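Q: Here it is: the structure, laid out below.
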Amino acid sequence: MQKKAVRNFTLLSILFAFTVISWSNINQNFTTANQSIKSTFINEKTNSASTDQQFESYIKQVYVTLNTKNTDLNYDVFKTAVIGYLNLKSANLLSNKQLLTIVDLNKSSSQKRLWIIDLASQKLLYHTLVAHGQGSGGDMADKFSNLENSHQSSLGFYVTSDTYFGKHGLSMKLDGMDKGFNSNAKGRSVVLHGAEYVSQEFINQHGRLGRSHGCPALPLEITSQIIKKVKDKTCLFIAGPQKDYISQYNNKEVAMINFLAANVNAAVL
0 MQKKAVRNFT
10 LLSILFAFTV
20 ISWSNINQNF
30 TTANQSIKST
40 FINEKTNSAS
50 TDQQFESYIK
60 QVYVTLNTKN
70 TDLNYDVFKT
80 AVIGYLNLKS
90 ANLLSNKQLL
100 TIVDLNKSSS
110 QKRLWIIDLA
120 SQKLLYHTLV
130 AHGQGSGGDM
140 ADKFSNLENS
150 HQSSLGFYVT
160 SDTYFGKHGL
170 SMKLDGMDKG
180 FNSNAKGRSV
190 VLHGAEYVSQ
200 EFINQHGRLG
210 RSHGCPALPL
220 EITSQIIKKV
230 KDKTCLFIAG
240 PQKDYISQYN
250 NKEVAMINFL
260 AANVNAAVL
């Protein structure tokens, strides 16, 4: 009877606590989420549809709060990025900064297609231009590669690494997390850096941005502040039109279980 009471209390806590869950709770509790609570969610077949709806509703609420419609951030791209963030976080691969950087290479290079989001405050910090690799296409990127010397962009989830000063000034290394898609990022020297060809002036003259050797290149005037903000184990997701792209981190069911279990653990304890 005591176990049944605890179980009922847990499920009720989920329903009452879900709408007031903060992203900071996620960070505080991902690594300590109780395995028995996760098992409860897995075994509760009758509640799976409701849980799925709650998870979807929460992502949509964050999306609306960010007011991303005014910046043309695609909801499906945002959702995939959040799912990957949650799974990388639960795998202890991210810091506690709660930052999510999204690049959408489905869009023209003449559009602002990079977003940096603070998930803790649910605020959009940056929305700016970003270049793709010269091997990926002209204005639109439609070819992607994980191979050295391809000069193509690589899609997928990255974890930001350490910084250094190179030929492009302050730059930041990236760890590609998706095997076969971007896992050779460090070997290819795919980094975040600034470039003169990433500017509205260049677009006005050429009809598109200049292109890199595969790196996500930024406007020079904000490169330093962006790198200092997102360095040291934050999540970067690069989306694009590659039909065969798959990622172990784009797993909604696992993300949902980790997200809810962490917050139930916080609510009950």
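Our numbering puts the sequence shown at residues 0 to 268.
All residues carry an ideal CB built from backbone N, CA and C; glycine is no exception.
Source: prediction; values computed, not measured.
1) Quick one: which unbroken alpha helix (DSSP H) runs of 4-plus residues sit fully inside the stretch 193–235? Chain order, please.
2) What does a CB cutoff of less than 8 Å around I116 pick up in its chain, not counting 5 residues either side in sequence?
3) Count the C-beta pairs between the stretch 238–253 and the stretch 147–154 that are closer than 8 Å, then say yes if the count reaches three, no if not.
4) With burial defined as no fewer than 16 other Cβ atoms inside 10 Å of the residue's Cβ, what is the status of N86: buried or exposed?
5) Alpha helix (DSSP H) containing S89: first to last residue?
6) Put S149 into one of helix, strand or coil per three-state DSSP.
7) Please go through the same chain and pick out, in chain order, the residues whose beta-carbon is closer than 7 Å to the beta-carbon of K251, but skip the five residues on each side of it.
8) With a CB to CB cut of under 8 Å and the five nearest residues on each side skipped, what residues in its chain are close to K142?
9) Skipping 5 residues on each side, what residues in its chain have a beta carbon closer than 8 Å to that of F164?
10) Less than 8 Å between the C-beta atoms of V190 and P218, yes or no?
11) With distances taken from CA atoms, which of Y74, A184 and K111 is nearest V129?
12) For M176 and S120, I'd like the C-alpha separation in whole angstroms.
13) Which residues mark the beginning and the end of the beta strand (DSSP E) in which S182 is found?
14) Go through its chain and collect everything with a Cβ distance to S108's Cβ below 7 Å, but skip five positions before and after it.
15) Compare the beta carbon distance of N145 and F180 with 8 Å and say whether it is the shorter of the two.
16) To the nearest angstrom, report how far apart S70 and G213 are at their CA atoms.
17) Give every residue of the same chain whose Cβ lies closer than 6 Å to the Cβ of V76, excluding the five residues on either side of it in the sequence, and list them in chain order.
18) Please list, in chain order, all residues of the same chain as D161 whose beta carbon is under 8 Å from its beta carbon, the five residues on each side excluded.
19) Who are S170's beta bridge partners in DSSP?
20) When DSSP labels each residue in this structure, what does A238 get in the three-state scheme?
21) Starting from F156, follow its DSSP beta bridges and name the residues at the other end.
22) Can you find the residues in the same chain that come closer than 6 Å, C-beta to C-beta, to H126, ignoring five residues on each side of it along the sequence?
23) Just to confirm my understanding: we take S223, look at its own chain, exclude 5 residues before and 5 after, and list those with CB closer than 6 Å. What are they?
A: Let me spell this out:
1) 199–205 and 219–229
2) L65, L98, L99, T100, I101, K122, L123 and L124
3) yes
4) buried
5) Y74 to S89
6) coil
7) I82
8) G134, S135, G136 and Q151
9) S170
10) no
11) K111
12) 26 Å
13) Segment: none, S182 is in no beta strand (DSSP E) and carries neither H nor E.
14) A130, H131, D138, R207 and L208
15) yes
16) According to the sequence shown, residue 70 is Thr rather than Ser. Distance between the alpha carbons of T70 and G213: 25 Å.
17) D103 and A238
18) M171, K172, K230 and D231
19) Y163
20) strand
21) F236
22) T70, K111 and W114
23) L169
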